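Here is the structure we will look at, set down as structure tokens.
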Amino acid sequence: MPLMSRLRPATCAAVVFLSACGGGAEPNHPVTPVDTTPIPEKLTVSISVPSTLLPDLQTYPYALLTVKAGYTYNKSSAVTTACRIGTQAVPCEVPEAVAVGKVWSYVSARSEATGLTVIDSALTIVKPALIKGRAVVATSTGEYVPTASYVIAGDSAGFLDSTIVSADGTFSMSSRFRLKNRVHIAVRGDAGMAPMLGWVSSVQLDSLTLIGSPKSFTQQTGTFAGQTRAIDLVKAATVVPSPSILSYYPHAQNGGATYFSVGAPKTRLGCVVFMPMGQRISEIGISSTDIITAADSIQFLATAQPFAKAFSIEIRTCTQPERDQNVSLYIFLIPAVGGDNGGVIAGYADFTAGQVTIVNRQSFGDSAAVLHELGHALLGLGHTCMWDSIMLSSCGRYIPSGIYAEDVVYASLMSRTRELERKYHTRFSLPFSINGAWVERFGLSEEMNLLVLDENGRGVP
Ligand SMILES: [Zn+2]
């Protein structure tokens with residue numbers, strides 16, 4: 051009895067066990083299968099990398115690459131993705147700096163429930179972002195390559211990339227700014243050239259030609275041949291007082307941006323047409339209102355000869371074929387206008403012709419008047435008070451009747467620079483040097499906002 055008492059709970063326990071485990075108690079009774087054919091686990095992953103790297107972030111010799119992972123999974127459990135570039139684990143969908151060259155990127159997807167892991171990969175070719183171009187310096191005899199110069203690129207926040215000009219004048223600069231709409235370019239020149247500074251449009255950055263200015267210039271031809279003068283571009287660009295507000299290297303306003311005209315005549319021939327009374331030329335819409343006599347024209351041409359000798363321009367009346375094709379200068383006599391004046395016809399680049407309007411017949415023989423207006427009309431010069439000059443105006447002192455070495459040397463540099471611009475198909479070289487000289491002299495931020503475009507565009511921002 052005591053033994054039975056002890057066994058009862060055990061027996062009871064056994065009954066409970068058998069009841070709960072009916073299958074085990076009845077091994078011959080078949081169990082209906084619920085899921086005997088498991089659905090295969092299917093996990094795929096896909097990588098995507100941008101075909102072009104983010105423009106604003108692109109830099110060289112590194113570029114920012116963003117790797118993205120996508121996946122599909124036919125189960126409901128969680129999937130985690132991971133990305134790496136080469137052997138380096140990186141966060142997915144976050145820009146990562148990579149070196150220029152071939153870059154293998156990988157993404158993986160892993161099921162947290164089963165550990166199933168799949169991988170995809172992609173090869174990205176990261177290209178360098180280069181600003182390429184050429185630098186030369188205008189000289190009195192042609193040009194030279196400033197091999198000791200640096201070309202520097204940046205934006206309004208500062209300059210960050212640079213390169214040195216190679217022996218053949220070309221340069222190739224790794225720059226994070228290559229794909230910006232415009233880039234701030236500076237040239238730290240060698241000892242013989244003025245520094246350069248300005249903004250360049252992105253369309254120029256594959257073949258940017260920078261034509262620097264020398265710090266001195268020796269006149270090669272004409273009355274002042276052999277004379278050397280220091281070139282001070284700040285002086286050449288300094289405007290005279292109101293109301294003239296022109297500088298020797300003249301500039302013009304266009305759409306709020308300031309451009310210096312660096313136009314030049316394409317020939318050294320200044321052939322003249324004295325406009326008959328009542329005749330006008332359509333470009334400027336003015337016509338002589340008085341008769342220019344033979345004596346007037348002879349006197350004008352005689353008075354102009356010192357100018358011709360100094361600036362090495364042949365000044366004479368046009369032949370008949372030249373009248374149809376290549377007039378350099380039109381002379382008007384209009385007693386009603388305010389004062390003698392002169393200017394060039396057309397443009398911010400090369401000009402086709404100039405005009406001189408004489409108010410008083412006496413001016414045909416007045417050296418001060420004729421030389422001054424020829425400076426405007428044949429050379430495209432403005433005014434200056436920075437040296438004794440035929441182009442004095444609003445200076446509070448008398449206009450001299452002689453020509454000065456500075457007049458000729460600065461005008462020759464302008465012409466030489468324009469010759470090189472034609473050769474290399476570029477624009478606005480002098481303004482870049484004026485800008486650089488201005489900043490070097492005064493440490494100010496540049497006063498001008500320049501964009502370099504080719505001759506087909508006039509520097510429209
Ligand atoms: Zn003037």
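Numbering of the sequence shown is given in our numbering, commencing with residue 51 and proceeding in unit increments.
Think of the CB as a built atom: it goes at the ideal place given N, C-alpha and C, for glycine as much as any other residue.
Everything numeric in this text was worked out from a predicted model, so none of it was measured.
{"query": "Closest residue to Ala345 among Arg411, Lys359 and Tyr298 (Cα-Cα distance)", "result": "Arg411"}
{"query": "Beta strand (DSSP E) runs contained entirely in the region 250 to 282, provided each spans 3 or more residues", "result": "258 to 262, 266 to 268 and 278 to 280"}
{"query": "According to DSSP, residues forming a beta bridge with Asp205", "result": "Gly208"}
{"query": "Through-space distance from Arg466 to Gly192, alpha-carbon basis", "result": "7 Å"}
{"query": "CA nearest to the CA of Leu296, picked from His433, Cys142, Trp437 and Leu115", "result": "His433"}
{"query": "Contact test: Ser443 Cβ vs ligand 1 heavy atom, cutoff 7 Å", "result": "yes"}
{"query": "Own chain, CB closer than 6 Å to Thr271, minus 5 neighbours either side, in chain order", "result": "Ser362"}
{"query": "Check whether Phe324 and Ile381 have beta carbons under 8 Å apart", "result": "yes"}
{"query": "Proximity of Ala188 and Leu470 at Cβ, strictly below 8 Å", "result": "yes"}
{"query": "Integer Cβ distance of Leu429 from Ser378, believed to fall under 8 Å", "result": "So it is not a contact: roughly 11 Å between Cβ atoms."}
{"query": "Selection from Ala217, Thr273, Ser216 and Arg226 that minimises the alpha carbon distance to Leu210", "result": "Arg226"}
{"query": "Three-state class that DSSP yields for Ile484 in the structure shown", "result": "helix"}
{"query": "Backbone CA spacing between Ser515 and Leu319 [nearest angstrom]", "result": "As shown, the chain starts at 51 and ends at 511. That puts residue 515 outside it, with no answer to give."}
{"query": "Ser294 beta carbon less than 8 Å from that of Ser439", "result": "no"}
{"query": "Proximity test, His475 beta-carbon vs ligand 1 heavy atom, cut-off 7 Å", "result": "no"}
{"query": "Same chain only: Cβ atoms within 8 Å of Pro100, ignoring 5 sequence neighbours per side", "result": "Leu115 and Thr116"}
{"query": "Three-pair Cβ contact test at 8 Å for the region 179 to 187 versus the region 452 to 461", "result": "no"}
{"query": "Between the CA atoms of Thr268 and Thr278 - distance to the nearest angstrom", "result": "4 Å"}
{"query": "Buried/exposed call for Gly493, threshold 16 Cβ in 10 Å", "result": "exposed"}
{"query": "Any beta strand (DSSP E) of 3 or more consecutive residues that is wholly inside the region 97 to 177", "result": "112 to 115, 118 to 123, 129 to 135, 138 to 140, 146 to 149, 151 to 161 and 167 to 176"}
{"query": "His422 Cβ short of 7 Å to ligand 1 heavy atom set", "result": "yes"}
{"query": "Check: His234 C-beta below 7 Å from any heavy atom of ligand 1", "result": "no"}
{"query": "Leu93 versus Leu103, Gly239 and Thr131, residue with shortest Cα-Cα distance", "result": "Thr131"}
{"query": "Burial state of Gly276, where buried means 16 or more other Cβ atoms lie within 10 Å", "result": "exposed"}
{"query": "Under the three-state DSSP convention, the category Ala241 falls into", "result": "coil"}
{"query": "Cutoff 6 Å; reference Gly74; Cβ partners in own chain excluding five residues on either side", "result": "Because the pLDDT at Gly74 is just 44, under 50, the model does not fix this residue reliably, and the value given afterwards should be weighed accordingly. So no residue of the chain qualifies."}
{"query": "Nearest residue (CA-CA) to Ile331, options Leu351, Ala352, Arg373 and Ala358", "result": "Arg373"}
{"query": "Three-state secondary structure (DSSP) of Gln329", "result": "coil"}
{"query": "Backbone secondary structure at Arg184 - three-state DSSP", "result": "strand"}
{"query": "Three-state class that DSSP yields for Arg318 in the structure shown", "result": "coil"}
{"query": "Distance, Ala163 Cα to Gly136 Cα", "result": "27 Å"}
{"query": "Identity of the residue in Ser158, Pro196 and Gly392 nearest Ala418 by Cα", "result": "Gly392"}
{"query": "Proximity to Tyr454 [Cα-Cα], best of Ile484, Ala360, Arg468 and Ser251", "result": "Ala360"}
{"query": "Nearest residue (CA-CA) to Thr197, options Ser206, Trp437, Thr87 and Met243", "result": "Met243"}
{"query": "N-terminal and C-terminal residue of the alpha helix (DSSP H) that Arg373 is part of", "result": "Gln370 to Gln375"}
{"query": "Assigned secondary structure, Val95 (DSSP; H/G/I helix, E/B strand, else coil)", "result": "strand"}
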